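Every number in the working numbering is 66 more than the matching position in the sequence shown, counting from 1. What follows is a set of notes on a single structure, which appears directly below.
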Amino acid sequence: MYDVIFIGDLLDARAYCDAGIPSYAPPVGLLAERVMAERRRCRVLAMTEDTFAALPASLARELREGNGPQITFVPELHAETDRDRARDLIDHCLTTAPAAHA
Numbered sequence: 067m068y069d070v071i072f073i074g075d076l077l078d079a080r081a082y083c084d085a086g087i088p089s090y091a092p093p094v095g096l097l098a099e100r101v102m103a104e105r106r107r108c109r110v111l112a113m114t115e116d117t118f119a120a121l122p123a124s125l126a127r128e129l130r131e132g133n134g135p136q137i138t139f140v141p142e143l144h145a146e147t148d149r150d151r152a153r154d155l156i157d158h159c160l161t162t163a164p165a166a167h168a
């Protein structure tokens, strides 16, 4: 199980990946499928608010209700130079995430 997985657009996914975070940039048509698959593999699912807004309403509601990992909204980065900022953001959200269950 991963501590954090990021799902968003390609530029953000590259920045988070460069910071050592497993990251995905699925096409909008496959976004819900990717979120459903990855939520079982992490304690924190990080995404931008735009990515969350693109989810089907039923999946967004389910995630908001706490069925699965902690959902953390992170800012759009869009630059390789934001790698340290990405790592800091993820480290911060891990301090508030529930511990993994074995």
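Positions of the beta carbon are idealized from the N, C-alpha and C atoms, including for glycine. Because the structure is a prediction, the values reported are computed rather than measured.
Counting along the chain, the unbroken alpha helix (DSSP H) around R130 starts and ends at 123-130. By the CB criterion at 8 angstroms, V94 and A112 fall outside the cutoff. A112: member of the beta strand (DSSP E) spanning 108-113, first to last residue.
Closest by C-alpha distance to A123, out of I156, P88, D154, L97, is L97.
Here R107 is exposed: its Cβ has fewer than 16 other Cβ atoms, across all protein chains shown, within 10 Å. In the same chain as A120, and ignoring 5 residues on each side of it, the C-beta atoms closer than 7 angstroms to its own belong to V94, L97, in chain order.
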